[in-house]
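A short worksheet on the structure shown next.
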Amino acid sequence: MLKDAILYIIRLLVGGLFIFSGLIKVNDPVGTAIKLEEYFDVFSYDIAGFFTVFKPWALEIGVVMVVAEVVLGIMLILGHKLKFTVWALGLMILFFTFLTFYSAYFNKVTDCGCFGDAIKLTPWESFYKDIVLLVMIGILFVFRNQLKNNTQTWAAWSVRISLVLSLALAITAIRNLPFIDFRAYKEGVNIPTNMQPSAPLEYSYIMTKNGEEFIFDQYPTEGDYEFVDMKLKNEDALPKISDFAVWNDEGDFTEEILIGKKAVILVTNLSKINTDYLEEFDQIIAGLTASEIEVVFVAASSQQEINSFLNARNWNLIGYQADATVVKTIMRSNPGLMLLNEGTVLKKYHFRNTPSPETIKSFYK
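Residue numbers (UniProt numbering): 1 to 365.
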């Protein structure tokens, strides 16, 4: 029947999108947790203070959410426990629609993270996408009693295996680094290049004269035009990196850190730094002391905290401050190591995979 065919197509579209979205975020659960923390901060300030309770559990909540996206998408396509699946997806999309509407309408969280760092959507684009999904899931909900369940054993086992594999992938990504890095600081990227526009920026100028509106590609130098607004025409040419900076009490050292050979120890939060693997960093610092590779320390903390930590570890390093969001974007590990050569990212390491000084030197030969 035509109705059954339409319902199946909707199941494929909705299930496929949830699987795609979930797998991208399973690749980087820490990034999902960072995005959830942003929402919890906004909600605790704008709606109710109790949202701060969820912030320490952002990673666990994120893992449950992204694994659920994958598993529910598979269940919908395979037809396994369809009534439960439609209910669960309906509640999930209602939650997502609220988040994206709140982001768009109040301009609070400008990137919902719906597809991680792989596909960037504006808040309104994310909201419209969720509205379309809400309509399709609503159709499935209306006809939920007419959907035929797949009761075959292979379908049930497929769902169980997808649950185990998704969870295993998420845990592996947390304990290491994302399998695929979609960020502007991925290996092979030259940071100074990404800090520049990819093409000359072009603007249109909105002017008024005698109550009539005019749009110019060049700012008019003649006539009694009154300036109203200017809009960027080629937003895709904007720099991919706009907020990278490091500094200390002596000034800004952004240019210096992007020159020469650098092994950068990055810390997203000194109070939560994992101390179990710091001995490996001791060996790196000692092993690179006499080499041309300079080890520097960058943390999203006050200079006093940085200096105290370096002194306590007897690390004779230059310590820089950086914005917490920038450090979290660069490194999904606390601490982590990034190797730079003239501003190009050669390699990034989770603290569990800290390399030897000899391995580090081999990248600069």
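Built from N, CA and C at the ideal position, the CB exists for glycine as well. Since this is a predicted model, take the numbers as computed values, not measurements.
Cutoff 7 Å; reference residue i; Cβ partners in own chain excluding five residues on either side
i           : result
Ser-162     : Val-70, Val-71 and Ile-74
Pro-29      : Leu-59, Gly-62, Val-63, Val-66, Ala-170, Ala-173 and Ile-174
Val-109     : Glu-38, Tyr-39, Val-42 and Ser-103
Ile-33      : Residue identity differs from the one stated: residue 33 is Ala in this sequence, not Ile. Taken in chain order, the residues that qualify are Ala-58, Leu-59 and Gly-62.
Phe-179     : Asn-27 and Ala-173
residue 404 : It is not possible to answer for residue 404, since the shown part of the chain is limited to 1 through 365.
Lys-130     : First, the residue type needs correcting, since residue 130 is Asp and not Lys in the sequence shown. These residues qualify, in order along the chain: Ile-93, Phe-96, Thr-97 and Thr-100.
Asn-307     : Gly-319
Glu-280     : Thr-354
Buried/exposed call for residue i, threshold 16 Cβ in 10 Å
i           : result
Ser-166     : buried
residue 368 : No answer is possible for residue 368: it lies beyond the span of the chain, which begins at 1 and ends at 365.
Val-14      : buried
Leu-2       : exposed
Gly-211     : exposed
Leu-94      : exposed
Phe-12      : Looking at the sequence itself, residue 12 is Leu, so the reference to Phe does not match. Answer is exposed; the Cβ neighbour count stays below 16.
Pro-220     : exposed
Gly-117     : In the sequence as presented, Gly is not what sits at residue 117; that position holds Asp. Classification for Asp-117: buried.
Val-123     : Here residue 123 turns out to be Pro, not Val, going by the sequence shown. Pro-123 should be labelled buried.
Lys-52      : Per the sequence shown, residue 52 should be read as Thr rather than Lys. By the 10 Å Cβ count, Thr-52 comes out exposed.
Ala-5       : exposed
Val-264     : buried
Ile-360     : buried
Ile-215     : exposed
Ile-137     : buried
Leu-91      : exposed
Ile-24      : buried
Where residue i falls: helix, strand or coil (DSSP)
i       : result
Val-296 : strand
Phe-227 : strand
Glu-187 : coil
Glu-358 : helix
Gln-304 : helix
Tyr-102 : helix
Val-326 : helix
Val-71  : helix
Thr-208 : strand
Asn-341 : strand
Gly-260 : coil
Leu-288 : helix
Glu-250 : coil
Gly-79  : coil
Ile-137 : helix
Val-109 : coil
Lys-348 : strand
Gln-218 : coil
Ile-119 : strand
Leu-59  : helix
Leu-2   : helix
Option nearest residue i by Cα separation, candidates the options
i       : options                               : result
Val-298 : Leu-288, Asn-314, Trp-247 and Thr-344 : Trp-247
Ser-126 : Phe-143, Asn-150, Phe-141 and Phe-98  : Phe-98
Pro-197 : Met-230, Asp-181, Arg-183 and Ser-242 : Ser-242
Ile-119 : Asn-334, Leu-317 and Phe-20           : Phe-20
Phe-18  : Arg-352, Thr-100 and Leu-133          : Leu-133
Thr-344 : Met-92, Leu-288 and Tyr-364           : Tyr-364
Ile-301 : Glu-279, Leu-340, Lys-328 and Tyr-128 : First, the residue type needs correcting, since residue 301 is Ser and not Ile in the sequence shown. Answer by Cα proximity: Lys-328.
Leu-270 : Arg-313, Glu-294, Gly-251 and Glu-255 : Arg-313
Leu-140 : Asn-307, Val-86 and Asp-130           : Val-86
His-80  : Lys-55, Phe-54 and Thr-151            : Thr-151
Gln-304 : Val-296, Glu-280 and Tyr-320          : Tyr-320
Ala-324 : Arg-352, Thr-268, Val-53 and Lys-35   : Thr-268
Asp-282 : Pro-357, Thr-254, Glu-256 and Asp-46  : Pro-357
Gly-260 : Tyr-185, Glu-342 and Val-326          : Glu-342
Val-326 : Leu-266, Phe-214 and Lys-129          : Leu-266
Ile-318 : Lys-347, Glu-280, Thr-354 and Ile-257 : Ile-257
Tyr-349 : Val-296, Glu-187, Ala-5 and Phe-309   : Glu-187
Arg-144 : Ala-48, Gly-31 and Leu-76             : Leu-76
Asp-78  : Phe-309, Trp-154, Phe-214 and Ala-168 : Sequence inspection shows Leu at residue 78; the Asp mentioned does not correspond to that position. For Leu-78, the nearest C-alpha among the options comes from Trp-154.
Ala-245 : Gly-49, Phe-84, Pro-355 and Ala-322   : Ala-322
Ile-285 : Ala-156, Gly-22, Ser-44 and Pro-355   : Pro-355
Pro-56  : Leu-36, Ile-47, Trp-315 and Arg-352   : Leu-36
Residue-chain proximity (residue i, chain D), Cβ-Cβ < 8 Å
i       : result
Leu-140 : No chain D is present in this structure, which holds just one protein chain.
Nonlocal neighbours in the same chain, by C-beta distance under 6 Å from residue i, ignoring five residues either side
i       : result
Leu-82  : Leu-147 and Asn-149
Met-331 : Leu-266
Residue i CB to nearest heavy atom of the ligand ATP below 7 Å
i       : result
Ser-308 : With respect to small molecules bound, the structure shown includes none, and the ligand ATP cannot be examined in it.
Close Cβ partners of residue i (< 8 Å) along its chain, the five nearest in sequence each way excluded
i      : result
Ala-88 : Ala-68 and Leu-72
Would you check if there are 3 or more beta carbon pairs closer than 8 Å linking the region 186-202 to the region 226-245? yes
Report yes or no: do the region 272-282 and the region 325-340 share at least 3 C-beta pairs separated by less than 8 Å? yes
Is there contact between the region 352-364 and the region 285-294, where contact requires at least three CB pairs shorter than 8 Å? yes
Between the region 221-233 and the region 203-211, do three or more beta carbon pairs fall short of 8 Å? yes
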